[in-house]
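J.: Pasting a structure here, questions to come.
Residue numbers (our numbering), protein chains in the order written: chain V, 3 to 554; chain Y, 1226 to 1349; chain S, 15 to 461.
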């Protein structure tokens, strides 16, 4: 045979030891380090071309800026590279499961993004003449119909900008209703398992917080709650399903007792995903409930917002809903933005708004996205989604409760499954260590140390967006981690995470000596630090600090 | 002659004559983790036994520190404001929070002795 | 259903693993009476993308977008050109669909851009430290008032007559619980005498500049007067681009700056979502609401970022928190910082000059019309005209003729007699000579 010595020779590569190559750049393959824009930018560069104009100072009242701001200049390619590289250091639901209890990290449909960007919605001014905004007002009206229908409540306040803002809205409506009765009721009852926003909001709204204990089975102690009712109690704040992932079966009796005592029932709607399309909170006797559109109705979490927290209201509280109100007259939809206009509209004639939560009328961008989600799912899809959410959480609970410890594991859970750290006892591994090891396995950790009613809580909410294959993979990983921890095989937990863009960060130093912005003086020392990062000089492994609140 | 007593809220108080020094216990300091900030009472402030007198913050928690006995604040440990880690280094010594004068002696007698506190902590 | 991956076989298998006979068994804690059939909901069933798109597009088509007509609305929300790179970048999965950065090891992207954002806001406002955003300018203003009440341990807040009425109402609703909110007189086109209202019960004075009528206010004398009485000055900015041309509130002595960032990166969006900017002096740091991102190192000594000083916040401090805020403005904050990164010093100051030039040209043209008088002698990109007729019906009439002429002041302050004939007009870099000509023509016809 003839052989061409120039032909390239290919053979399969054999196994190799783990890579410890120190690169010249400090980057590793597709994992890039990225400086701050202040360290990259320079003068004389811009990413936007604008016509140059001369102006006079005549109309600036002598207040023209005299000194430079100090903003860095970058071209468009540099800006894009900077933010693309930053993005690649983030976990996201598009990339992997988020088992975060109480957060409902479900899929964010892309149709929602397209609809929100239609110029007829996105390029519309909130104070434009109403004849030019009828379609937008109609959309808000349609969303209001979905929210009131799904919850079985007669009214909804649309302006709150997030869940906590909605809680404030609900409590201010309650406060106004009580004042209208000529009463003073300074106390609010909050379960000890409540999310921190509940007592924070109650205090913000001028109430004192009285905690109601949970029973050993994870449910609120209804007897203790009823015993605390009295003429000085304005309201209770309950989450249902509760933060342990359980439906409060006594909710109807609780509502009756609360109303009999002259108080109101505020429901935290963060866990609505468990029951939407199956149960209407209005039928349970609630007076107000905020709905997190960024949880139950899929608007994207965006790294921390924006959210939206419309609040459904009972007939007792509806008159006190904040301005603006949406009404219909001969010319179509109209926003009522002033109290005096109310008497012109009989349908809201009895309204006594407690005030205004914010400028303009709500998070329209999130309304469009939420309505697109609702129209896509339909009532049958909404119900199926809740069922799948509950099914998936129970599947995880059933698959892991033999190796992990589930304090309320005998009965079914709702859309989230609660574990505690009993199964780790004696292993030297904490809930925090367990969570950090999950990061190396490619998962965002579950909600940790919440609710406070169990020790070392791990709250897992898969949502309806995970396939069974995805759930099985997740279960398998948690199972193996739990078994290793219990068997005293702690290698994966020590010093975790090792494979993420950053390892464990020193939160103590960040809090003791806060550095909250870049500045010229720091540039020199920061540059030195970045140089060290790039060159990969050895630094002694810093003593690992315990940052969890649980003592071992 | 000084004696140190303890509360079930994990504060300690050392009484010398009618002056008291107050801090948080080793158990509490370990449970908190790294202390990042302390808020100390102003000199001259009068506190009753059990009143909220100071705040101690870790990265993930903030706790009130209650005065075990009644009295008037005579001094706050300024060193802690600059270096809050001092609470972790020596919680029952140099990591003291504040001193009181004109202390109500009756309050002190109601508190746990070192032995009683040790027992109490075992049961937690 | 395209968003639900589980199949009937999956569900059967999962029920078997759980040991439940059916879905109802999983809901056994729910009182029977509370479970309703699907037919109870007066709502449509599942629809495909095509149908949903058709329905929503129909609603969108019933609106007149700002870009589809000569457009002059401002009054707290401004139409600026957002470079295409911004929207493209914020839609990257890792930004759009990521969670709050509570696990910093896998959220350095978010944390680093928040650190950059905090720096940008501090630089723009001339303050020492800024947070990682609040919901919007109005709630930021309310938070600022409550913060001033905590710091000074006083309850009285004085709001300038030039403060956007929505902002003032928000402050009254929320901060009114912890003190008395006083409103200074409304004096369109003039600085009201707010200094004489400050006394030793005053926690703070709140002044917006440029104000709701567009007037540029001199903050320095108000800052001095407030400080002399132990009160704080809160400066409010609703058009953040103005800081590209005007002296910063920090340089003029403000203690807290509450601002609306919507102008950069974020479209009008019919009122939301927007982005609240909040900045203050280092000495007030621990009283600041909202999230803060701080610099630190990891165990290998590499620089990184974390959320810090969290003990102020609701999830730790609960009823003693500085605020109840949890979710903030996330993606809107990112859009703001990307837009500002693209602009840089030259682009941002150039944009500001261009806006002012446009507004000056328009003001000159309109004030030459009989029946229209310029009321604000000093302005940035927004000014107020006093018309010979009430402005609100005029604006409605012009809208039907295809010109969106601005915001009638009476819509914001219906009880203010002096506002009835006032029209608030904004011009930005997106306004053209054709737009100006159309407005001029329309006003001439109607006045």
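C-beta atoms are modelled at their ideal positions from N, C-alpha and C, and glycine is treated no differently.
#1: I need the DSSP call for residue 406 of chain V, collapsed to helix, strand or coil.
#2: Suppose the cutoff is 6 Å on Cβ atoms and the five residues either side in sequence are ignored; what does the same chain contact list for residue 370 of chain V look like?
#3: For the structure I just gave you, are there three or more beta carbon pairs, one from the segment 516–524 of chain V and one from the segment 300–317 of chain S, closer than 8 Å?
#4: Candidates Y:1265, Y:1344 and Y:1294: which alpha carbon is nearest residue 1309 of chain Y's?
#5: Thinking just about the alpha-carbon of each residue, which of V:253, V:151, V:193 and V:378 is nearest to the one in residue 278 of chain V?
#6: If you count every other CB in all the chains shown that lies within 10 Å of the CB of residue 330 of chain V, and 16 or more means buried, which is it?
#7: Please identify, using Cβ separations under 8 Å, the residues of the segment 282–306 of chain S that lie next to chain Y, in order along the chain.
#8: In the DSSP assignment, the beta strand (DSSP E) including residue 121 of chain V goes from what residue to what residue?
#9: Specify, as a first and last residue, the run of the alpha helix (DSSP H) that residue 1312 of chain Y falls within.
#10: Against residue 1278 of chain Y, what residues of chain S qualify as contacts under a CB-to-CB distance less than 9 Å, listed in chain order?
#11: Report yes if the CB atom of residue 199 of chain S is closer than 8 Å to the CB atom of residue 467 of chain V, and no otherwise.
#12: Measure the Cβ-Cβ separation of residue 393 of chain S and residue 208 of chain S and say whether it is below 8 Å.
#13: Starting from the Cα of residue 196 of chain S, find the closest Cα among S:279, S:205, S:183 and S:202 and give me that residue.
#14: Applying a beta-carbon distance threshold of less than 9 Å, which residues of chain V neighbour residue 186 of chain S?
#15: Alpha carbons only, please: which of V:299, V:187 and V:38 is nearest the one belonging to residue 264 of chain V?
#16: Does the beta carbon of residue 142 of chain V fall short of 7 Å from some heavy atom of the ligand MG?
#17: According to DSSP, what are the bridge partners of residue 135 of chain V?
#18: Would you say residue 19 of chain S reaches chain V, if we count a Cβ-Cβ gap shorter than 8 Å as a contact?
#19: Near residue 41 of chain V, what residues of its chain come up, given a Cβ to Cβ distance below 6 Å and the 5 sequence neighbours on each side ignored?
#20: Could you confirm whether any beta carbon from chain Y is found closer than 8 Å to the beta carbon of residue 509 of chain V?
#21: With a cut-off of 8 Å, does the C-beta of residue 143 of chain V fall near any C-beta of chain S?
#22: Just the Cα atoms here: how many angstroms apart are residue 338 of chain V and residue 54 of chain S?
#23: Once you ignore the five residues that flank residue 534 of chain V on each side, which residues in its own chain have a CB closer than 6 Å to its CB?
#24: Comparing the C-beta of residue 514 of chain V with each C-beta of chain Y, is any distance below 8 Å?
#25: Spatial neighbours of residue 320 of chain V within its chain, please: CB distance less than 7 Å, with the 5 preceding and 5 following residues excluded, ordered by chain position.
#26: With burial defined as no fewer than 16 other Cβ atoms inside 10 Å of the residue's Cβ, what is the status of residue 185 of chain V: buried or exposed?
#27: Please report the distance separating the alpha-carbon of residue 1284 of chain Y from that of residue 62 of chain S.
#28: Report the three-state DSSP secondary structure of residue 92 of chain V (helix, strand or coil).
#29: How is residue 1291 of chain Y classed by DSSP in three states: helix, strand or coil?
#30: Under DSSP, the beta strand (DSSP E) around residue 269 of chain V begins and ends at which residues?
#31: Identify whether residue 445 of chain V lies in helix, strand or coil by the three-state DSSP scheme.
#32: With contact counted as at least three CB pairs below 8 Å, one residue from each stretch, are the segment 139–148 of chain S and the segment 284–304 of chain S in contact?
#33: Can you say whether residue 21 of chain S is buried or exposed, counting buried as having 16 or more other CB atoms within 10 angstroms of its CB?
#34: Is residue 365 of chain S closer than 8 Å to residue 258 of chain S when the C-beta atoms are compared?
#35: Give me the chain V residues within the contact set of residue 414 of chain S, using Cβ-Cβ distance strictly less than 8 Å, ordered along the chain.
#36: Give me the Cα-Cα distance between residue 25 of chain V and residue 244 of chain S, rounded to the nearest whole angstrom.
T.: Considering the structure as presented:
#1: coil
#2: 117, 118 and 123
#3: yes
#4: Y:1265
#5: V:151
#6: exposed
#7: 300
#8: Counting along the chain, residue 121 of chain V falls outside any beta strand (DSSP E), though it belongs to the alpha helix (DSSP H) covering 121–124.
#9: 1311–1314
#10: By Cβ distance, chain S contributes nothing, its closest Cβ being about 15 Å from residue 1278 of chain Y, past 9 Å.
#11: no
#12: no
#13: S:183
#14: 357 and 358
#15: V:187
#16: For the ligand MG, the structure offers nothing, since it holds no ligand at all.
#17: Residue 135 of chain V pairs with nothing; no bridge assigned.
#18: yes
#19: none
#20: yes
#21: no
#22: 31 Å
#23: Residue confidence for residue 534 of chain V is low, a pLDDT of 48 falling below 50, so the modelled location carries little weight; the figure read from the coordinates is stated next. Within the same chain, residue 534 of chain V has no close Cβ partners at all.
#24: yes
#25: 156 and 157
#26: exposed
#27: 48 Å
#28: strand
#29: strand
#30: 266–270
#31: coil
#32: yes
#33: exposed
#34: yes
#35: 133
#36: 57 Å
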